[in-house]
Amino acid sequence: MHSPFDPVPASSPLLANLNDEQLAAVTLPAEHALILAGAGSGKTRVLTTRIAWLLQNGHITPGGVLAVTFTNKAAKEMMTRLSAMLPVNVRGMWIGTFHGLCNRFLRAHYKLANLPQSFQILDTQDQLSAIKRLMKQNNVDDERFPAKQTMWFIASCKEDGLRPGAVQVRDDETRRKVEIYQLYEDQCQREGVVDFGELMLRSYELLRDNDPIREHYQRRFRHILIDEFQDTNKLQYAWIKMLAGSESAVLAVGDDDQSIYAFRGARVGNMADFVREFAVQHQIKLEQNYRSYSNILDSANELIGHNKKRLGKNLRTTQGPGEPVRVYEATSDFAEATWMVDEMRQLQRDQGIEAGYSRKEMAVLYRSNAQSRVIETALFNAKVPYRVYGGLRFFERAEIKHALAYLRLLENPNDDTSFLRVVNFPPRGIGARSLEQLQDIAKFSGCSLHDAVSAATGKAGANIGAFVAKLDVLREQTAQMTLRDIIEAVLEHSGLIEHYKADKEGADRVENLEELVNAAESFVTVEGFGRDAVALPVDELGAGLSQSPASQGLDTRMPPPQPSPGRGGSESEFTELLPPLPGEGGGGGMSATSSINSDQPPDATGETLSPLAAFLTHAALESGDNQAQVGQDAVQLMTVHSAKGLEFDCVFITGLEEGLFPNENALSDHEGIEEERRLMYVAITRARKRLYLSHSQTRMLHGQTRYNLKSRFFDELPEAALRWLTPKNQGFGSGFKSSWGATNSGAARAGSTWSGGTFGSKKAVEESVPEQKAPSGHGIRKGMKVFHTKFGEGTVQALEGVDAEARAQVNFPRHGVKWLALSVAKLVPV
DNA sequence: CCGCCAGCTGTTTTT
DNA sequence: CAGCTGGCGG
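Start counting the first sequence at 4; every next residue gets the next number (our numbering).
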């Protein structure tokens, strides 16, 4: 790879060093295709080279490409690599996340989408508080309808493309939820805000319902490329279908074996649907792995081979076997962590054949975040620097959200979520009762809280009046300011800085608030106001090609990327926006010229967004780095989920125990266990050189010591690739082995559909051993999912008594909580 | 408005 | 165990 500044040789080495599979994928004809890209098979490289190849050979202009990813990181990576291959203005191209592109689309067509141009985006936190507020206002019983669940309901409706009216109502509970959904929609519309799901859904609907718009984009995007296709949900797939016209070629890249997001609506089935519905003629498997030694790869292959539902794929490598996969059994979670720290110390040392590994090349993976604690303790005690992934990102921190709320109110006074967030923060003597009063007034007159204040002067209290007045003054004062000055003014006049400075614990928060100013600064200069936030020219040739707009074939001698837009001020990017078309906004009549000159969609207005609104959008769409800071050499700690897409020399997969990994909540059905297995597959394939697998006999969880069996996944790995650092045994504390193994079988398991026959010996031993003594023979455990012929599936909440007296408390979703005598009720573990 | 305590709830996560 | 929420009292 050369740097962006190297001249591209005439015989561009774009295709050099690609293997046959990759080359085939890159040079596919302009038809629909599915690339099954295994872990470490050079997927991103294929994707970016494909785009570069299409551009270089004049198959497409930059504006004709649509490339979608899930994360900002992946999108950025794609743009960086692409601009390293070709001197193309990637900024003007439609490369981005689903949500980022939908945002861009909705800004460009805000009138048709029935949104204010400066609509703001609710993140999950905002969405939840909006729902809580709405439920309180409408006296919804929050016992029966927990806000979180309601949020989840709304989100999944949207993911399925369902508006309130379209949801199938089968019972009263759903009816009520749908009512709340409707109220929520009305509220968002009134306040001029959209949640993440809404970005997707509204874009989809606009494309679906507006023929000229849809036809325009279909004509425009000749090549649609989708990354991580296995993670797309129903709506995202439908959105792609809307954008793909008769002349478009859709290239879907994905790996069904790495589908680990079913719980948030991802449908692997989209891959098969895609092949069928698009009559895909080209399917290419990228099976050559460039990452791992074969012991690691063999382990991954053998493990994933235990899944039934697969498209089928086998990774291979030309590298040798490498080190064996090491397996360790610890007596306790703490011992496991201690062993790991020791092992890391060894790895850091030069070992002759292998040079010492740096800490940042070592990763500890676990199934759930709670597991990081012991490991952190061990690392801390050993004074080993480490970094935990996950947790709050920059723009999600409370103090930042507060500052953003003020900024949002400047942009849009109707944003009640933001209003309530800061109306009394810092405290200014506005109590709950006056706010309730205000909310009632607002509800009665159907206006925002902000507007309700002026309608009820005096009545709502002088303090609120003062707050709103202050806000209004601030809005006026900052109207002409630069983004930086606006933020500084807000920090100053809101009293936020002052408030945190007075707090002895507030130093970090003050620092973060100051960092917000920097973030805004670099947003303007580096990000050039943020691609996604601004209604960019929808002109397919983008700003970079203004000299020869007529040229259809790509000129590979395009001018280099524009001078950084922010530096020439907002000018360069903003003044180049196209003039509005006559008859814009109506949506009905598309002018003849615009349909011929496909550069411009029917209602393009060319209006721009204020820098502030753009920055706020940026904050919502890109909540900041969740990554370990670069530079510091620290051991990396993260969940398996967040490790997806990353790679390390040395990987430790910890807590490989039944109930944990695979997680007990996934054990009830086949789909669940297969997803856990894919998760394990993802974990294994993160390792380049060394892989360690560990489990522990005991583990503290929820304040109780649990006795877990080692994960079934150990039995699914090739023995030849493993080295057991501790004696390979049943993974049991010695006292339990016989009693449990012998008694646990037969009646309780009859009807269980488990294959493999080892199920009985695999289940976690009774958690509370001291109280219950040895587990009794019924095989029912706390936390277990059981099936009852009358009540269906439920979860065991508690157990009491022994033998004939034994009773279980089971929570059945449909029928509530029941105490059942085990001698009578037939409970079958599922 | 703040602080305290009781009670609850604990997979995985990006946008 | 531990972190968070909601309710209540000062």
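Beta carbons are placed, not taken as given, at the ideal position from N, Cα and C, and that holds for glycine.
Here residue 299 carries a helix assignment [DSSP, helix/strand/coil]. CA-to-CA, the gap between residue 284 and residue 256 works out to about 14 Å.
At the C-beta level, residue 298 and residue 330 stay beyond 7 Å of one another. Contact fails between the segment 178–197 and the segment 400–407, because fewer than three Cβ pairs, one in each stretch, are under 8 Å apart. About 24 Å separates the beta carbons of residue 709 and residue 263, which is beyond the 8 Å limit, so they are not a contact pair.
Listed as beta-bridge partners of residue 69 by DSSP are 97 and 227. DSSP links residue 254 through a beta bridge to 36 and 228. Note on the segment 284–328: whole beta strand (DSSP E) runs with a minimum of 3 residues are 285–289, in chain order. An exposed status is given to residue 436, since fewer than 16 other beta-carbon atoms sit within 10 Å of its beta-carbon.
Going by beta carbons, residue 291 and residue 619 fall outside the 7 Å limit.
Taking 8 Å as the upper bound for CB-CB distance, residue 38 and residue 85 are not in contact here, some 17 Å apart. Residue 119 has its alpha-carbon roughly 22 Å from the corresponding atom of residue 100. Membership of residue 198 in the beta strand (DSSP E) is indicated by the continuous run 196–198.
Annotation: the continuous alpha helix (DSSP H) that includes residue 127 extends over 127–140. When the beta-carbon positions are compared, residue 314 and residue 684 stay at least 7 Å from each other.
Measuring C-alpha to C-alpha distances from residue 513 to each of 474, 639, 212 and 491 identifies 491 as the nearest.
Remark: three or more beta-carbon pairs, one from each stretch, lie closer than 8 Å, so the segment 354–365 and the segment 635–654 are flagged as touching. Pairwise C-beta distances place the segment 233–242 in contact with the segment 157–172, as three or more of them are shorter than 8 Å. In this structure the segment 213–231 touches the segment 64–78; the number of beta carbon pairs closer than 8 Å is three or more. When beta bridges are read from the DSSP output, residue 662 appears opposite 666. Between the segment 416–434 and the segment 643–657, the count of Cβ pairs shorter than 8 Å is below three; the stretches do not touch. Rounded to the nearest whole angstrom, the CA to CA distance from residue 203 to residue 143 is 28 Å. In chain order, 285 place their CB closer than 6 Å to the CB of residue 31, counting only its own chain and leaving out the 5 sequence neighbours on each side. DSSP places residue 79 in the uninterrupted alpha helix (DSSP H) bounded by 75–88. DSSP places residue 656 in the uninterrupted beta strand (DSSP E) bounded by 651–656. When DSSP states are grouped into helix, strand and coil, residue 63 belongs to the coil group. The Cβ neighbour count for residue 483, taken over all protein chains shown within 10 Å, is under 16; the residue is labelled exposed.
In the assembly as shown, residue 341 is a buried residue. Its beta-carbon has 16 or more other beta-carbons within 10 Å. Counted as a single uninterrupted DSSP element, the beta strand (DSSP E) harbouring residue 698 occupies residues 690–704. Under the DSSP assignment, residue 279 falls outside any beta strand (DSSP E), being part of the alpha helix (DSSP H) whose first and last residues are 272–280. In this structure, the alpha-carbon of residue 359 lies about 10 Å from that of residue 347.
Judged by DSSP secondary structure, residue 445 falls within the alpha helix (DSSP H) whose first and last residues are 435–448.
Comparing C-alpha distances from residue 666 to each of 687, 787, 694 and 646 shows the shortest one belongs to 787. Residue pairing by DSSP places residue 335 opposite 701 in a beta bridge. Scanning the segment 469–524 from its first residue to its last, no whole beta strand (DSSP E) run of 3-plus residues comes out. Boundaries cannot be given for residue 395, as no alpha helix (DSSP H) includes it and DSSP labels it neither H nor E.
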